[in-house]
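**Student:** Residue numbers (the working numbering), protein chains in the order written: chain L, 715 to 1211; chain S, 88 to 580.
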Amino acid sequence: MTPGDAILTAIFLPLVGAVFIVLLGSRPNLREAVTLGTAGLLFLTVVSLIPAVLAGDRPATEPFQAIPNFPLVFVVEPLGMVFATIASSLWILTSIYSIGYMRGNDEHNQTRFYVSFAIALSSTMGIAFSGNLFTLFVFYEVLTLSTYPLVTHHGDSAAKQGGRTYVGLLLSTSIGFLLVAILWTWVLTGTIDFTNGGILTGKVDGAMAAVLLFLYMYGIGKAALMPIHRWLPAAMVAPTPVSALLHAVAVVKAGVFCVVKVIVYIFGLDFLSETGANQWLIYMAAFTLLSASLIAMRKDNLKARLAYSTVSQLSYVILGAALATPLAAIGAGMHIAMHAFGKITLFFCAGAIYTALHKTEISDMRGIGRQMPITMAAFFIGALSVTGLPPLGGAWSKWYMMLGAAETGELLIVGVFIVSSLLNVAYLMPIVAAAFFQPDGDPAAQSVGAAAAPTGIKEAPLPCLIPLCLTALGCIALFFFADQIYAFLTPIAAKPG
Amino acid sequence: MIATHLPVLQVVVPLIAAPTCILLRGKNWAFMLALLATWAAFAMSCMLLARVLDDGVISYELGGWAAPWGIEYRIDLVNAYVLVIVSGISSAVIAYTRQSMLLEFVREREYLFYSSYLLCLTGLLGVTITGDAFNLFVFLEISSLSSYVLISLGPDRRALTAAYQYLVMGTIGATFIVIGVGLLYHATGTLNMVDLGARLPAAGYDRVVVAAFAFLTIGAALKLALFPLHLWLPNAYTYAPSSVSAFLAATATKVAVYILLRFFFTVFGAEFSFETLPTAVPLMVLAIIAMFAASTVAIFQVNVKRLLAYSSVAQIGYMILGLSLVTVGGLTATILHLFNHALMKGALFLVMGCVYYRLKSVHIDGFAGLGRRMPWTMAAFVAGGLSLIGVPLTAGFISKWQLVLAALDSGLWWIALLVVLSSLLAVVYVWRVVEKAYFEPPPAGHDKVEEAPLSMLIPTWTLVCANIYFGIDAELTVGVAQRAAVELFGGVQ
Chain L
715 MTPGDAILTA IFLPLVGAVF IVLLGSRPNL REAVTLGTAG LLFLTVVSLI
765 PAVLAGDRPA TEPFQAIPNF PLVFVVEPLG MVFATIASSL WILTSIYSIG
815 YMRGNDEHNQ TRFYVSFAIA LSSTMGIAFS GNLFTLFVFY EVLTLSTYPL
865 VTHHGDSAAK QGGRTYVGLL LSTSIGFLLV AILWTWVLTG TIDFTNGGIL
915 TGKVDGAMAA VLLFLYMYGI GKAALMPIHR WLPAAMVAPT PVSALLHAVA
965 VVKAGVFCVV KVIVYIFGLD FLSETGANQW LIYMAAFTLL SASLIAMRKD
1015 NLKARLAYST VSQLSYVILG AALATPLAAI GAGMHIAMHA FGKITLFFCA
1065 GAIYTALHKT EISDMRGIGR QMPITMAAFF IGALSVTGLP PLGGAWSKWY
1115 MMLGAAETGE LLIVGVFIVS SLLNVAYLMP IVAAAFFQPD GDPAAQSVGA
1165 AAAPTGIKEA PLPCLIPLCL TALGCIALFF FADQIYAFLT PIAAKPG
Chain S
88 MIATHLPVLQ VVVPLIAAPT CILLRGKNWA FMLALLATWA AFAMSCMLLA
138 RVLDDGVISY ELGGWAAPWG IEYRIDLVNA YVLVIVSGIS SAVIAYTRQS
188 MLLEFVRERE YLFYSSYLLC LTGLLGVTIT GDAFNLFVFL EISSLSSYVL
238 ISLGPDRRAL TAAYQYLVMG TIGATFIVIG VGLLYHATGT LNMVDLGARL
288 PAAGYDRVVV AAFAFLTIGA ALKLALFPLH LWLPNAYTYA PSSVSAFLAA
338 TATKVAVYIL LRFFFTVFGA EFSFETLPTA VPLMVLAIIA MFAASTVAIF
388 QVNVKRLLAY SSVAQIGYMI LGLSLVTVGG LTATILHLFN HALMKGALFL
438 VMGCVYYRLK SVHIDGFAGL GRRMPWTMAA FVAGGLSLIG VPLTAGFISK
488 WQLVLAALDS GLWWIALLVV LSSLLAVVYV WRVVEKAYFE PPPAGHDKVE
538 EAPLSMLIPT WTLVCANIYF GIDAELTVGV AQRAAVELFG GVQ
């Protein structure tokens, strides 16, 4: 299989899987086997591309010309490679987890669920490997639409409302801003290919570049830059596996991935820092970062808190890219990977708690550490990684982004990073502390003096438990492999030629 | 032999088939004949398009009388393209009509329906293929008169008033066109459109020619339902039988747009139409108002067919907007959207027919729970709706891409923004129906509602698949549209 074929396989494999899932809809065990098999094969296909990229190649394929001048092009570059590897590897774990969760909670319409999931993964691969803005846009929209049935899975009026916000915001921003930005780029430069060093240099002046950057940043609604972050908490009406993979990994990461890609390959880091078109974005991202953390602190629903935490963490990536220095941009790329593992662990834990104890509110989670010690230990690891403490993966990406900020002399931004890390501690750690150190049960029962009955271990089913342990271990492993990822991502900031 | 006479056969085959249908009134013969004639017309138009693509313009002298004295059928890329649209959509619709007519029309008089359908098709094909301005008017009247009949066949008595309303407006439009043609004849002494284009500069653009231009523009605008001359359209599409709505929405307005293009570019020439006379700006303003006003009105409709009808008025705005940019890119977008809009509106109106077939109503409340009851029908609606919104991998996306690109190319970024903003209104009205169908439980008494019959689903899905196919591989459609646009501009230089 040539690398070109491997790229197409990565995109079509989940679609083929989807067809089989539909055909086997009435036989759940076979259906789930197809999902797992597809996920495994997809991962292998994606991984098979890594050596070529490591060697400095950029495998590419151009299946056909969709519109004259605008072909569908797929190119594998380091950033996309990292994104595709994370998404495909976490799909395997999420699939195992979904099987446990969906069966444990006896969900309806499971076939539709797995089909939409497979299509979403196919479009995620398309985004990761897109070689020009046209291809990126096409798959970006497919991802939005294929995840709509997942978000609205429950089919009640809350799901309908959440779905409306989800599709409404994502579609309107992408059609309203991103499409215009892409075509404007084409009119200005005559190309929409992702190119090292950017394509806008010398084509627009600073003020125009800032406007164009605005169109891009708010066009990519999936990056959840305030004030268009509302879709993300709204999407939390979805079943937890969806929130886990899509709203901690695939969808939101597709958003920030597009942001980094546009900044690095369309604007170019040098062009941005010379024109100063990135200034507004730095402050907007910093604002989002802090205010989303503050909102997260006030949310009692665990998934809502995690959702706002995601909004905040996404802005780390945007901020890293916006600083427009090689260090910060690479740090932003790394943060896509680090945060993915950390956040998916947290979502898995949230789902496990719901499956085992049917609890969704943080105030009800006192003392559950005794019932679910493994889950809460994993939660602790995930929380530390999201906060950015060693020895966990999240430490490195934040470190590089802070270095980048210091390098540009933006001391205010360094301060923002520090304050925000403290806020992370403030909204994540109390959950862990309460789970382990506070007595469980409601306070009223305590006050009448009823002795806290020793509760036995009550973990979620194994298919839920294993994936969350693996992702927690992944957070630790990433700390030690950070160097490799850094080296792998270095070419993205290289000058052309 | 047949190949040389292909242009005239394109019109003659449905024309002969129409009265023959009346003779073959027994059993299925009328339907079979209509089906065969329509499909033959489609095949011929595809052959014509292939020939024009290879060899360039085809000129056919009717009865051997040389142009400009005799009537000339003149086929260049523009009308070859429109011929394919018209005959292609009618081929899909005709296969669908039989089952849907069962319900909406008396079986014994079915042959009359096929006869008028074929006459309407003849008229539309004739308007498109002819190179003679007066002949164009004649065919336009054939298609209009038969379409009044078709609309009045609607299941509801309001169809009669709708047809009457259309008759009044359509007659005014046709009269304006014939007055325009007469004035042109007075000024130049010829009726052949290419010849007109050659002689008008010599004859001088005096007040007569300007009047002719005004009459023709208004006449065509009435027929194509340009805001604010669209008032006949919503009622006509709402109360006509669904298959007729699909047929007319996808073909009649497209042919009217073609007439406008033909007169602007071939007869009067782009220079006179847009530089001497200030045509572009009023057209642009009206197009933008149409895009927003009609889409906004569509949002508040409770009859889904009416919703789609207003959406048509908005979509016609896109076509006229492309034209009003007066660039090759803008014209490409217009010609392309003729094709793509025919596909999506055709598909959506056929879906309406499926729903009506089962529910006897297309009121939005009836759609509740249909996602489960009629999964294929509603999936077709979703696909067609996404195309209407302009989501990637659908034909509608390609149209929008080209239109926004053309606007930005002309430096009119605010036009580009208005286009995308107005398409967001489509999200609202499409989603209203989608949410109804998928999130609300079916009302009591709808337990027995089941999927539409296969003979209706297959034509519907043929159009839906075409929507998706031409959204993925648009090289053909965009390529032909681009060449046609260049040809229209080149015709005057």
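Yeah, the Cβ is synthetic: ideal placement off N, Cα and C, and Gly gets one too.
Small disclaimer: the values here were computed from a predicted structure and weren't measured.
Does the Cβ-Cβ distance between A377 of chain S and V413 of chain S come in under 9 angstroms?
**Tutor:** Here residue 377 of chain S refers to the residue found at position 290 of the second sequence. Here residue 413 of chain S refers to the residue found at position 326 of the second sequence. No, the Cβ-Cβ distance between A377 of chain S and V413 of chain S is not below 9 angstroms.
**Student:** Got a sec? Which residues, its chain only, sit under 7 angstroms from A420 of chain S by beta carbon, not counting five neighbours each side?
**Tutor:** The sequence position of residue 420 of chain S within the second sequence is 333, counting from 1. Taken in chain order, the residues that qualify are G409, S486, Q489, L490 and A493.
**Student:** Looking only at DSSP bridge pairs, what is E362 of chain S linked to?
**Tutor:** Translated into the one-based positions of the second sequence, residue 362 of chain S becomes position 275. Beta-bridge pairing links E362 of chain S to no other residue.
**Student:** For I913 of chain L, return the contacting residues in chain S, with the cut-off set at a CB-CB distance below 7 angstroms.
**Tutor:** Residue numbering aside, residue 913 of chain L sits at position 199 when the first sequence is read from its first letter. Within chain S, no residue comes near I913 of chain L; the closest Cβ sits about 16 angstroms away, beyond 7 angstroms.
**Student:** Can you tell me which of the three DSSP states Q388 of chain S falls into?
**Tutor:** Here residue 388 of chain S corresponds to residue number 301 of the second sequence, with the count starting at 1. If DSSP states are grouped into helix, strand and coil, Q388 of chain S belongs with coil.
**Student:** Determine the direct distance from the alpha carbon of Q1152 of chain L to that of A1165 of chain L, and round the result to whole angstroms.
**Tutor:** Residue 1165 of chain L sits at position 451 when you count from the first residue of the first sequence. Residue 1152 of chain L sits at position 438 when you count from the first residue of the first sequence. Note that A1165 of chain L scores a pLDDT of 44, beneath 50, so its modelled location is shaky and nothing firm can be said.
**Student:** Of the residues that make up the region 754–783 of chain L, which ones have a beta carbon closer than 8 angstroms to any beta carbon in chain S?
**Tutor:** If the cut-off is 8 angstroms between Cβ atoms, the region 754–783 of chain L has F778, Q779, A780, I781 and P782 near chain S.
**Student:** Buried or exposed, going by whether 16 or more other CB atoms sit within 10 Å of the CB of L110 of chain S?
**Tutor:** Your numbering for residue 110 of chain S matches position 23 in the second sequence. The residue is exposed, with fewer than 16 neighbouring Cβ atoms inside 10 Å.
**Student:** Starting from the C-beta of L93 of chain S, find all residues in its chain whose C-beta is less than 7 angstroms away, skip the five residues before and the five after it, and write them out in chain order.
**Tutor:** Walking along the second sequence from the start, residue 93 of chain S turns up at place 6. The answer, listed in chain order, is M131, M134 and L135.
**Student:** Which runs of the alpha helix (DSSP H) fall wholly inside the region 1004–1084 of chain L and span at least 4 residues, in chain order?
**Tutor:** DSSP runs (the alpha helix (DSSP H)) wholly in the region 1004–1084 of chain L: 1016–1036 and 1040–1071.
**Student:** Distance cutoff 9 angstroms, beta carbons only. Does K874 of chain L sit that close to anything in chain S?
**Tutor:** As a working mapping, residue 874 of chain L is identified with position 160 in the first sequence. Judged by the 9 angstroms Cβ criterion, K874 of chain L is in contact with chain S.
**Student:** Could you check the C-alpha separation between V1004 of chain L and L1117 of chain L for me, to the nearest Å?
**Tutor:** Here residue 1004 of chain L refers to the residue found at position 290 of the first sequence. Here residue 1117 of chain L refers to the residue found at position 403 of the first sequence. First, the residue type needs correcting, since residue 1004 of chain L is Leu and not Val in the sequence shown. When rounded, the distance between both Cα atoms is 19 angstroms.
**Student:** Of the residues L:M1011, L:L1103, L:S830 and L:C972, which one's Cα is nearest the Cα of A1046 of chain L?
**Tutor:** Walking along the first sequence from the start, residue 1046 of chain L turns up at place 332. Closest option to A1046 of chain L, Cα to Cα, is L:C972.
**Student:** Exposed or buried, K1172 of chain L, counting other C-beta atoms within 10 Å across all chains shown (16 or more means buried)?
**Tutor:** Looking up residue 1172 of chain L in the first sequence gives position 458. So K1172 of chain L counts as exposed.
**Student:** Taking just the CA atoms, how far does M439 of chain S sit from E1075 of chain L?
**Tutor:** Locating residue 1075 of chain L in the first sequence gives position 361, counting from the first residue. Locating residue 439 of chain S in the second sequence gives position 352, counting from the first residue. In a straight line, the C-alpha of E1075 of chain L is about 45 angstroms away from that of M439 of chain S.
**Student:** In whole angstroms, give me the CA-to-CA distance for Q779 of chain L and L786 of chain L.
**Tutor:** Start at 1 with the first residue of the first sequence, and residue 779 of chain L comes out as number 65. Start at 1 with the first residue of the first sequence, and residue 786 of chain L comes out as number 72. Taking the straight line from one Cα to the other gives about 6 angstroms.
**Student:** For chain L, is any of its Cβ atoms less than 9 angstroms away from the one on W518 of chain S?
**Tutor:** Walking along the second sequence from the start, residue 518 of chain S turns up at place 431. Chain L, which has a Cβ nearer than 9 angstroms to the Cβ of W518 of chain S, makes this yes.
**Student:** Per the DSSP calculation, I781 of chain L is bridged to which residue(s)?
**Tutor:** Within the first sequence, the letter at position 67 stands for residue 781 of chain L. L:F784.
**Student:** Please check the pair P1105 of chain L and F1193 of chain L, which I expect to be a contact at CB under 8 angstroms, by giving their CB distance rounded to whole angstroms.
**Tutor:** Taking the first residue of the first sequence as position 1, residue 1105 of chain L is located at position 391. Taking the first residue of the first sequence as position 1, residue 1193 of chain L is located at position 479. Right, the Cβ-Cβ distance comes to about 5 angstroms (below 8 angstroms), so this counts as a contact.
**Student:** Going by C-alpha distance, which of S:P462, S:L313 and S:V415 is nearest Y397 of chain S?
**Tutor:** In the second sequence, counting from the first residue as 1, residue 397 of chain S sits at position 310. If we check each option's Cα against that of Y397 of chain S, S:L313 comes out closest.
**Student:** What separation, rounded to the nearest whole angstrom, lies between the Cα atoms of G751 of chain L and M998 of chain L?
**Tutor:** Here the question's residue 751 of chain L lines up with position 37 in the first sequence. Here the question's residue 998 of chain L lines up with position 284 in the first sequence. For G751 of chain L and M998 of chain L, the distance between alpha carbons rounds to 42 angstroms.
**Student:** To the nearest angstrom, how far is it from the Cα of S809 of chain L to the Cα of Y880 of chain L?
**Tutor:** Translated into positions along the first sequence, residue 809 of chain L becomes position 95. Translated into positions along the first sequence, residue 880 of chain L becomes position 166. Their Cα atoms are separated by approximately 23 angstroms.
**Student:** For the region 474–502 of chain S, enumerate the residues whose C-beta is nearer than 9 angstroms to any C-beta of chain L, in chain order.
**Tutor:** Of all residues in the region 474–502 of chain S, I476, G477, V478, P479, L480, F484, I485, K487, W488, Q489, V491, L492, A494, L495, D496, G498 and W500 have a Cβ within less than 9 angstroms of some Cβ in chain L.
**Student:** What does I725 of chain L touch in chain S if you count any residue whose Cβ is under 9 angstroms from its own?
**Tutor:** Numbered from 1 along the first sequence, position 11 holds the residue referred to as residue 725 of chain L. None at all; the shortest Cβ gap to chain S is about 13 angstroms.
**Student:** Have a look at H868 of chain L and P528 of chain S and give me their C-alpha separation to the nearest angstrom.
**Tutor:** Residue mapping note: residue 868 of chain L aligns to position 154 of the first sequence, counting from 1. Residue mapping note: residue 528 of chain S aligns to position 441 of the second sequence, counting from 1. Rounded to the nearest angstrom, the two C-alpha atoms are 13 angstroms apart.
**Student:** Can you pull out the residues from the region 787–814 of chain L whose beta carbon lies closer than 9 angstroms to at least one beta carbon of chain S?
**Tutor:** Residues: none.
**Student:** Looking only at C-alpha atoms, which of L:H1072, L:D1078 and L:L1041 sits nearest to E1121 of chain L?
**Tutor:** Against the first sequence, residue 1121 of chain L aligns to sequence position 407. E1121 of chain L has its Cα closest to that of L:L1041, out of L:H1072, L:D1078 and L:L1041.
**Student:** Taking 9 angstroms as the threshold (beta carbon to beta carbon), is L508 of chain S in contact with chain L?
**Tutor:** Reading the second sequence from its first residue, position 421 is the one you call residue 508 of chain S. Interface residue, yes.
**Student:** With distances taken Cα to Cα, identify the nearest neighbour of Y272 of chain S among S:R286, S:A261 and S:G260.
**Tutor:** Position 185 of the second sequence holds residue 272 of chain S. Cα-wise, what sits closest to Y272 of chain S is S:R286.
**Student:** Considering only residues of the same chain and omitting the five flanking positions on each side of A1158 of chain L, which have a CB-CB separation below 6 angstroms?
**Tutor:** In the first sequence, the residue the question calls residue 1158 of chain L occupies position 444. Confidence in A1158 of chain L is poor, its pLDDT being 47 and thus under 50, which makes the residue's placement unreliable; the coordinate value appears in the next sentence. The answer is none, since no qualifying residue turns up.
**Student:** Following the continuous beta strand (DSSP E) through E159 of chain S, name the residue where it begins and the one where it ends.
**Tutor:** Within the second sequence, residue 159 of chain S is the residue found at index 72, counting from 1. Note, E159 of chain S: beta strand (DSSP E), E159 to I162.
**Student:** For N222 of chain S, does the three-state DSSP call read helix, strand or coil?
**Tutor:** Taking the second sequence and counting its residues from 1, the one referred to as residue 222 of chain S is at position 135. DSSP places N222 of chain S in helix when its eight states are reduced to three.
**Student:** Figure out for me which residue from S:V295, S:A524, S:V354 and S:L254 has the closest Cα to the Cα of G453 of chain S.
**Tutor:** For the purposes of this step, residue 453 of chain S is identified with residue 366 of the second sequence, where counting begins at 1. Of the listed residues, the one whose Cα sits closest to G453 of chain S is S:A524.
**Student:** Please name the residue in S:L206, S:D142 and S:G151 whose C-alpha comes closest to that of T107 of chain S.
**Tutor:** Stepping through the second sequence from its first residue, residue 107 of chain S is reached at position 20. The option with the nearest alpha carbon to T107 of chain S is S:L206.
**Student:** Do you know whose CA, among S:E522, S:A531, S:V573 and S:A434, lies nearest G877 of chain L's CA?
**Tutor:** Translated into the one-based positions of the first sequence, residue 877 of chain L becomes position 163. Among S:E522, S:A531, S:V573 and S:A434, the Cα nearest to that of G877 of chain L is on S:E522.
**Student:** Does chain L have any CB closer than 9 angstroms to the CB of G566 of chain S?
**Tutor:** Start at 1 with the first residue of the second sequence, and residue 566 of chain S comes out as number 479. Closer than 9 angstroms: yes.
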